[in-house]
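Per the UniProt record's numbering, the sequence shown runs over residues 1 to 740. A quick write-up on the structure given underneath.
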Amino acid sequence: MKSIFSSFKKRLQQPKPLQWYISAPLPLFAGLALMLVLLVAPKVIEDLVKANAVETAVDLTKTLQKIRNYYAEHVLSEVSNTDTIEITHLHKLSDNSIPIPATFLMEMAQSYSEEDKLRVNVTSPHPFNSRKTRAMNEFQKLAWQQLTLNPEQPVSTFDNVAGNRVVKVALPDKLTASACVDCHNSHQDSSRRDWQLGDVRGILEITVDVEHSLKRANQLSFMMILVSFVSLLILVLFNRHIAKKVVTPLSAITAAMTSLSERKIVSTETSHSGYKEVNALGNAFLNFQNSEQKRQALENEVRQLAYYDSLTSLPNRSAALERLNEQANLASTKHSFALIIINIEKFNEINDTLGYNIGDQTLIQVAKRITNVFVQEYVARFNTTEFAVIMPCKNAEGEPCPMKVEAMTKQVITRLQSPMMIDEHQLHLSISIGINQVVNSASNKQQINEIVAHGNIALHQAETSHTQKIVTYTPELSNALNQRVSMIKALKLAIANNELVPFFQPQLDLNTGELVGAEVLLRWIKPDGTLVPPFTFIPLAEASGLILPIGKLVLEQACQLNKQWQDKGFKPFRVAVNVSGVQFDQDNIVDEVSNALTLSGLEPKWLELEVTETALMADINEIIAKLSQLRELGIELAIDDFGTGYSSLNYLKRLPINRLKIDQSFVRNVIDNEDDQAIIEMILNLGKSMKLSVLAEGVEGPAEEAFLKSMNCDEVQGYYYAKPMPTSDFEVYLQSINKA
1 MKSIFSSFKK RLQQPKPLQW YISAPLPLFA GLALMLVLLV APKVIEDLVK
51 ANAVETAVDL TKTLQKIRNY YAEHVLSEVS NTDTIEITHL HKLSDNSIPI
101 PATFLMEMAQ SYSEEDKLRV NVTSPHPFNS RKTRAMNEFQ KLAWQQLTLN
151 PEQPVSTFDN VAGNRVVKVA LPDKLTASAC VDCHNSHQDS SRRDWQLGDV
201 RGILEITVDV EHSLKRANQL SFMMILVSFV SLLILVLFNR HIAKKVVTPL
251 SAITAAMTSL SERKIVSTET SHSGYKEVNA LGNAFLNFQN SEQKRQALEN
301 EVRQLAYYDS LTSLPNRSAA LERLNEQANL ASTKHSFALI IINIEKFNEI
351 NDTLGYNIGD QTLIQVAKRI TNVFVQEYVA RFNTTEFAVI MPCKNAEGEP
401 CPMKVEAMTK QVITRLQSPM MIDEHQLHLS ISIGINQVVN SASNKQQINE
451 IVAHGNIALH QAETSHTQKI VTYTPELSNA LNQRVSMIKA LKLAIANNEL
501 VPFFQPQLDL NTGELVGAEV LLRWIKPDGT LVPPFTFIPL AEASGLILPI
551 GKLVLEQACQ LNKQWQDKGF KPFRVAVNVS GVQFDQDNIV DEVSNALTLS
601 GLEPKWLELE VTETALMADI NEIIAKLSQL RELGIELAID DFGTGYSSLN
651 YLKRLPINRL KIDQSFVRNV IDNEDDQAII EMILNLGKSM KLSVLAEGVE
701 GPAEEAFLKS MNCDEVQGYY YAKPMPTSDF EVYLQSINKA
């Protein structure tokens, strides 16, 4: 029982809907009130009927007593003075007799008929001797006891007589007149003779038939209850209607608020309840909902811009990094993943030559091809030319992750390198892929950056390799990168500390042996005297962009030194400065050359720029325009390492150049290699036909010199004549040849 009560109490304490609080209390309390009325009404009605019956009996008793007193004082007093009329309770047995007051009272009371719904009976515990056979019933005995103790309080009770409900009322029959006292004390048939005025001699019992009154009262009570019930039902329905009008829009608002909190775009129409406050709340919510939907739409748009690439509709780098963070949380020995970074090599050439529209369409097609291969994987655009793929895989079951990644990357690189038609342009893309297999990772910013960095290291290795275009990260790659980073730092320090110094190698006229020029060759000499080979740091300088400040410095030093030597009286000669492809691609290359000449005061004709053949293989029109501007300065131009590139004759004849330099790889083995002999002969003939001077590099002996002379080569350079020399040594060399 206790548990049931606790459960009921707990349910009552639970939050309930607003409609329950509005509509439930009224019918609950009204129902209890009706139940109370149904239980109490019969008792109340009986009490009212009984009280009315008692009042009627009291009024009747008073009337009868007044009549009896009048009879005793005014009638019997006159008759008692005569001898002809007898006063007796047996007056019906004698013609000349009248009843005593008590008999008169009884006979008068008996005159009430059943139509009057009243019956009157007078009884006494002290009857006349002739009436001793009349015994008092139980009610009369009980009434006599109570009236003897309290004559002023009528005694009443309900009873049933002949099927009708009646109220029996017992009232005291007092001796209120002296004549009555004298009569009862002197009457020969009286059973008691010590009566005094005011004594209760007997009981006046009045029986009131209340059947009809009770029925009428019950009918009236039923009608009142029925009317109350109908009124209550109407009130409950009306209350429910009010509750519904209040709760329905509130429920709609609550549901809409829930949807909005779940970032669902909903359209809610709050119904008008007819209540000003609720309508105001509904209108306020609609305004809030519209504002919130606009805010969410704007937030989604911002999120779309923040996390998705507008061109390819793929997730962008920020979104990819968040996904990497999720995968790193899951990474374990049984759940690894791979970060695959796919790069389009030399993509800028497409934008530069075909336009940005073709470039954008190319990126869209690349994105489609990648997603067609990696259908179930997460694909994102990582930056301008890179795409990232996050591939979850398991080592413990199924296909091993490395094998799966290898198979899919080979498939995607095949797809991407197949010809691509963009607006009638057939493109052949060069693709490189870096892979980082991640196992037992940790989710933190440093770890995510490390994951990406390792993928980029592998990608860089693929980009720099001519044969291996898919590279998986290994710790050895990081070691190489660390060495590269250390070298770049050291190179920056070397620039600041003037550790990069120019060396000069003479260029001679092959026929006369006179000095006609000197090539500036950069050397890195550390403070401890260690010489860093050029093939070690020059490519690194070009890749890191440090070649730009280095090249500018070398150009200025070469011009200044050449002018100084001329000022010292040495015979003028040209100084040849190598210009890398990175330098040549700069828009300000012409200005830098012009500034170097101006600062040094060197005449332009004594400066030559050497540009490699591969550096001139971009936009031919732009190259011709830039070379023409340089030629207009008055300097000379040479193509360095000629024969190692893929220049066509049609391409070459348009270039405003002065000289071709035969690469030393052809000169070094020319005596024993007929192919090299044929190449050198072809270059010499080409130069003569185009009226260009030809210089052969790498001459290391008299045999090579003799061959070149036989082929009418113009100029030579190499160890056979002189090694590259620092400034001081080269100045000594100049002094020696000038004396000679």
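For every residue, glycine included, the Cβ atom is placed at its ideal position computed from N, Cα and C. The structure presented is a predicted model; accordingly, all values stated were derived computationally and were not measured.
Would you kindly report the start and end of the unbroken alpha helix (DSSP H) that includes residue i?
i           : result
R193        : No alpha helix (DSSP H) contains R193, which DSSP labels as neither H nor E.
K174        : From DSSP, K174 is part of no alpha helix (DSSP H) but of the beta strand (DSSP E) over N164 to K174.
Y356        : Y356 to V373
S594        : I589 to S600
S313        : Careful: S313 lies outside any alpha helix (DSSP H) and carries neither H nor E.
R381        : Careful: R381 lies outside any alpha helix (DSSP H), inside the beta strand (DSSP E) at Y378 to R381.
G687        : E674 to S689
E705        : P702 to S710
Q426        : Q426 -> not in any alpha helix (DSSP H); beta strand (DSSP E) instead, spanning H425 to L427.
G718        : That residue, G718, is in no alpha helix (DSSP H); it is neither H nor E in DSSP.
V582        : G581 to F584
R415        : C401 to Q417
residue 743 : Nothing can be reported for residue 743, as the shown portion of the chain is limited to 1 through 740.
V667        : Q664 to V667
Count the other C-beta atoms from every protein chain shown that fall within 10 angstroms of the C-beta of residue i, then say buried if there are 16 or more, exposed otherwise.
i           : result
P724        : buried
N287        : exposed
L197        : exposed
I413        : buried
V44         : exposed
A396        : Reliability of the predicted coordinates at A396 is poor, the pLDDT of 49 falling under 50, and the value obtained from them is presented with this limitation in mind. Looking at its Cβ environment, which holds fewer than 16 other Cβ atoms inside 10 Å, A396 is exposed.
S124        : buried
T148        : exposed
S113        : Residue placement at S113 is flagged as unreliable, the pLDDT there being 48, under the threshold of 50; the coordinate-derived value follows with that caveat. The residue is exposed, with fewer than 16 neighbouring Cβ atoms inside 10 Å.
G687        : buried
E610        : buried
Y378        : buried
A306        : exposed
M162        : In the sequence as presented, Met is not what sits at residue 162; that position holds Ala. Looking at its Cβ environment, which holds fewer than 16 other Cβ atoms inside 10 Å, A162 is exposed.
E152        : exposed
T467        : exposed
E399        : The predicted model places E399 with a pLDDT of 49, which falls under 50 and marks its position as unreliable, so this point remains unresolved.
D672        : exposed
A722        : buried
Y473        : buried
residue 748 : The chain is shown only over 1 to 740; residue 748 falls outside these bounds and no answer can be derived.
F642        : buried
Provide the residue span of the beta strand (DSSP E) that contains residue i, from first to last.
i    : result
N121 : L118 to T123
T84  : Per DSSP, T84 belongs to no beta strand (DSSP E) and is neither H nor E.
C393 : E386 to C393
D159 : V155 to V161
M420 : M420 to I422
I639 : E636 to F642
T612 : L607 to T612
N621 : First-last for N621: I620 to E632, but that is the alpha helix (DSSP H), not the beta strand (DSSP E).
E603 : Segment: none, E603 is in no beta strand (DSSP E) and carries neither H nor E.
E205 : V200 to D209
L142 : Here L142 belongs to no beta strand (DSSP E); instead the alpha helix (DSSP H) covers E138 to L149.
With a cut-off of 8 Å on the beta carbons, I'd call residue i and residue j a contact; round off their distance for me.
i    : j    : result
G517 : R574 : 4 Å
A557 : Q717 : Note that residue 557 corresponds to Gln in the displayed sequence, not to Ala. With a Cβ gap of about 20 Å, Q557 and Q717 do not count as contacting.
F386 : I341 : The sequence shown places Glu at residue 386, rather than the Phe named in the question. Confirmed, Cβ separation roughly 6 Å.
V667 : A696 : 5 Å
V49  : L214 : 6 Å
I737 : L515 : 6 Å
- Query: How about the stretch 493–502 and the stretch 447–457: do they share at least three Cβ pairs that are nearer than 8 Å?
  - Reply: no
- Query: Can you list, in chain order, the stretches of the beta strand (DSSP E) that have 3 or more residues and sit fully within the stretch 446–508?
  - Reply: 470–472
- Are at least three pairs of beta-carbons, each pair with one atom in the stretch 566–573 and one in the stretch 525–545, less than 8 Å apart? no
- Does the stretch 525–533 come close enough to the stretch 576–584 to have 3 or more Cβ pairs within less than 8 Å? no
- Query: Quick one: any contact between the stretch 688–702 and the stretch 475–491, if contact means 3 or more CB pairs under 8 Å?
  - Reply: no
- Could you pull out every unbroken alpha helix (DSSP H) segment of at least 4 residues lying fully inside the stretch 508–567, listed in chain order? 534–544 and 547–567
- Query: Looking at C-beta atoms only, is the number of pairs between the stretch 671–680 and the stretch 607–624 that lie closer than 8 Å three or more?
  - Reply: no
- Message: Taking contact to mean 3 or more Cβ pairs, one atom from each stretch, closer than 8 Å, check whether the stretch 223–232 and the stretch 131–145 are in contact.
- Response: no
- Task: Would you check if there are 3 or more beta carbon pairs closer than 8 Å linking the stretch 460–468 to the stretch 365–384?
- Result: no
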